[in-house]
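K.L.:
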Amino acid sequence: LLARLGVVNKHNAALMCSESLCVLQMESEQLLSLSGSALAQAVSSLLETPGLYVFSDILELPNVKELENGPHAPVYQLLNLFAYGTYCDYKERAASLPELTPAQRNKLRHLSIISLASNLKCLPYSLLLQQLELKNVRELEDLLIEAVYCDIIQGKLDQRNQQVEVDCSVGRDLGPNELPNIINTLQEWCTGCEAVLCGIEEQVSRANQYRESQLKVKIQVETEVSNLQKTLKASAASPSSGPAPAGAASNQDADQPAEPRDPASSQEPRQPGKKSSKVKGLRGSGKIWSKSN
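Letter by letter, the sequence shown follows residues 1 to 293 in full-length UniProt numbering.
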């Protein structure tokens, strides 16, 4: 069963960042006027401040740096642990660090979840129980729900598979050892962007070449069609250049006057040696034709 833990939109995330920066600025201004035991007590209280999850700027304050070499060095080390460490790191060094209050312990566990979520998108319950040193799943789920309501992570609680599917999480302070990895990651990203850009430019170039070739073909077809139309118009305008139609020839013959025909010439000539046939006249009449030799 997937239970939606919650979704933080961009507006809420922006508000969280702005509130965190305001809290950090206010606390930094207050710490600048303190020193010694008062400063150490203020730093310990600062670690419990709700909504504050970045501490590197406080570490850079001149009076806070003075705590590193004085009697309050454990407080400075604890502040450094909240900036870059995890709950497991605290357990390993618990003997040399101040004891955590319940609020500090809870916040350090939240910071540990952020560190794990930055490396893994699916966090098994078994890993979280081990890293956070919790007794049972119920305590773990309560801690995760609290982290979501604090806008630390966004994700899904997969109770069937006993894991947390992380969509995104807030960032933590960057340690000095993490900068080379970030630089390498950014360089790889830039290289990938350049490769994608080269591929896009090649596709655009091929598309332009194809467009130009199709435009040339279009112009050629239009030119051929125009020439063909001109040829057909010229042929239709000059009919004498070709064979005369049958109707025109018949009309020309009809316009010529008919020549008179000689009746005698139309008769066939008599063939010699043949006798003409005798024709008997009508009864009661004399002989009309005489015998010919």
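The beta-carbon is built from N, C-alpha and C at its ideal position, and this holds for glycine as well.
Does at least one heavy atom of the ligand MN sit under 8 Å from the Cβ of D158?
P.N.:
Among the components modelled here there is no ligand, and therefore nothing to report on the ligand MN.
K.L.:
State the CB to CB distance for the pair Y90 and L79, rounded to an integer number of angstroms; the pair is presumed to be in contact (CB under 8 Å).
P.N.:
Locating residue 90 in the sequence shown gives position 90, where the first residue counts as 1. Locating residue 79 in the sequence shown gives position 79, where the first residue counts as 1. In fact, because the Cβ distance is near 12 Å, the residues do not count as touching under 8 Å.
K.L.:
Helix, strand or coil for Q41 per DSSP?
P.N.:
As a position in the sequence shown, residue 41 is number 41, starting the count at 1. In the structure shown, Q41 sits in a helix (DSSP, three-state: H, G or I).
K.L.:
Which residues share a DSSP beta bridge with Q154?
P.N.:
Here residue 154 is taken as the residue at index 154 of the sequence shown, counted from 1. Note: Q154 sits in a beta bridge opposite C168.
K.L.:
Where does the unbroken beta strand (DSSP E) through P74 begin, and where does it stop?
P.N.:
Residue 74 sits at position 74 when you count from the first residue of the sequence shown. Premise fails: P74 lies in the alpha helix (DSSP H), 73-84, not in any beta strand (DSSP E).
K.L.:
Smallest Cα separation from S35: which of V170, P62, E165, C168?
P.N.:
Locating residue 35 in the sequence shown gives position 35, counting from the first residue. When only C-alpha atoms are compared, the closest one is P62.
K.L.:
Going by the beta-carbon positions, is the gap between I113 and L132 smaller than 9 Å?
P.N.:
Translated into positions along the sequence shown, residue 113 becomes position 113. Translated into positions along the sequence shown, residue 132 becomes position 132. Yes, they are a contact pair.
K.L.:
So, are the CB atoms of P98 and S44 less than 9 Å apart?
P.N.:
Numbered from 1 along the sequence shown, position 98 holds the residue referred to as residue 98. Numbered from 1 along the sequence shown, position 44 holds the residue referred to as residue 44. In contact: P98 and S44 (Cβ atoms closer than 9 Å).
K.L.:
Taking contact to mean 3 or more Cβ pairs, one atom from each stretch, closer than 8 Å, check whether the segment 113-122 and the segment 162-173 are in contact.
P.N.:
Enough Cβ pairs lie closer than 8 Å, so yes.
K.L.:
Can you tell me which residues form a DSSP beta bridge with Q163?
P.N.:
Residue mapping note: residue 163 aligns to position 163 of the sequence shown, counting from 1. Per DSSP, P124, D158.
K.L.:
Less than 9 Å separating the beta-carbons of L157 and Q104?
P.N.:
Within the sequence shown, numbered from 1, the residue matching residue 157 stands at position 157. Within the sequence shown, numbered from 1, the residue matching residue 104 stands at position 104. Taking 9 Å as the Cβ cut-off, L157 and Q104 do not qualify as a contacting pair.
K.L.:
Which same chain residues, not among the five before or five after P272, have their C-beta less than 8 Å away from its C-beta?
P.N.:
Numbered from 1 along the sequence shown, position 272 holds the residue referred to as residue 272. Note that P272 has pLDDT 49, beneath the 50 cutoff, so the model's placement of it is unreliable and no number is given.
K.L.:
Confirm, please, whether the CB-CB distance from D173 to S56 is below 9 Å.
P.N.:
For this step, residue 56 is matched to residue 56 along the sequence shown. For this step, residue 173 is matched to residue 173 along the sequence shown. Yes, Cβ-Cβ distance for S56 and D173 is below 9 Å.
K.L.:
Over what stretch of residues does the alpha helix (DSSP H) that includes P102 continue unbroken?
P.N.:
Here residue 102 is taken as the residue at index 102 of the sequence shown, counted from 1. Taken as a continuous stretch (DSSP letters only), the alpha helix (DSSP H) holding P102 covers 102-119.
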